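A quick write-up on the structure given underneath.
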């Protein structure tokens with residue numbers, strides 16, 4: 001979690017700075033919920049033909065479902081099935097220029113102040129959920145699905 005100052009007031013945001021970039025971790029009820037929210041906050045933009053695509057200023061990793069606990073196998077036989085979170089997981093890294101410009105700050109503040117505490121978490125995660133999409137504090141995730149190098 002980071003703290004930002006905006007219009008003279010401090011806000012805590014579920015994000016981390018990495019080498020001048022901003023990392024965000026999101027989990028949506030499904031892909032449609034993510035796409036709707038991504039369009040609303042600018043993570044998706046329309047191209048010249050009117051098609052929606054991920055914004056150029058962010059590295060968007062659409063992960064989808066994640067395995068929480070791998071299956072236990074005995075050769076080819078499944079002893080214990082994997083535990084899977086079938087919600088739609090997305091990681092975003094805002095490039096250094098976008099991060100420095102700070103245009104993301106009002107959106108993040110709105111998410112944090114208008115969102116509700118996410119109660120459907122895995123392990124010890126902390127998130128704020130708005131419109132079916134949770135903005136998760138990256139520091140509360142013990143095994144991230146996407147690690148930027």
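In the numbering used here, the protein residues as written are 1 to 149.
Backbone N, C-alpha and C fix where the C-beta goes; we use that ideal spot for every residue, glycine too.
Here the structure is a predicted model, which is why all the values come from computation and not from measurement.
What is the residue span of the beta strand (DSSP E) that residue 26 lies within? Under the DSSP assignment, residue 26 falls in the beta strand (DSSP E) whose first and last residues are 21 to 28.
Three-state secondary structure (DSSP) of residue 80: Here residue 80 sits in strand by DSSP.
State the CB to CB distance for the pair residue 109 and residue 27, rounded to an integer number of angstroms; the pair is presumed to be in contact (CB under 8 Å). Going by Cβ atoms, the distance from residue 109 to residue 27 rounds to 20 Å, so no, they are not a contact pair.
Can you confirm whether the stretch 59 to 66 touches the stretch 78 to 97 when touching is taken to mean that 3 or more C-beta pairs between the two stretches lie within less than 8 Å? In short, these stretches touch, since the Cβ pair count reaches three.
If you draw a straight line from the alpha carbon of residue 147 to that of residue 18, how long is it in whole angstroms? Its pLDDT being 47, under 50, residue 147 is placed unreliably by the model, and the measurement read from it follows with that caveat. Going from the Cα of residue 147 to the Cα of residue 18 covers about 11 Å.
For the 8 Å Cβ check, are there 3 or more pairs between the stretch 97 to 104 and the stretch 27 to 37? No, the stretch 97 to 104 is not in contact with the stretch 27 to 37.
Over what stretch of residues does the alpha helix (DSSP H) that includes residue 125 continue unbroken? First-last for residue 125: undefined, no H or E at that position.
C-beta contact flag for residue 58 and residue 95 at 8 Å: Yes, these two residues count as a Cβ contact at 8 Å.
Which whole-angstrom value describes the C-beta separation of residue 61 and residue 91, a residue pair presumed to lie in contact below a C-beta threshold of 8 Å? By a beta-carbon distance limit of 8 Å, residue 61 contacts residue 91. Their separation comes to about 4 Å.
Any idea what DSSP makes of residue 111, helix, strand or coil? In this structure, residue 111 counts as helix in the three-state DSSP scheme.
State the Cα-Cα distance for the pair residue 134 and residue 48, rounded to the nearest angstrom. Computed Cα separation, rounded: 30 Å.
Just reading off the alpha helix (DSSP H) that residue 38 is part of, what are its end residues? Start and end: 31 to 41.
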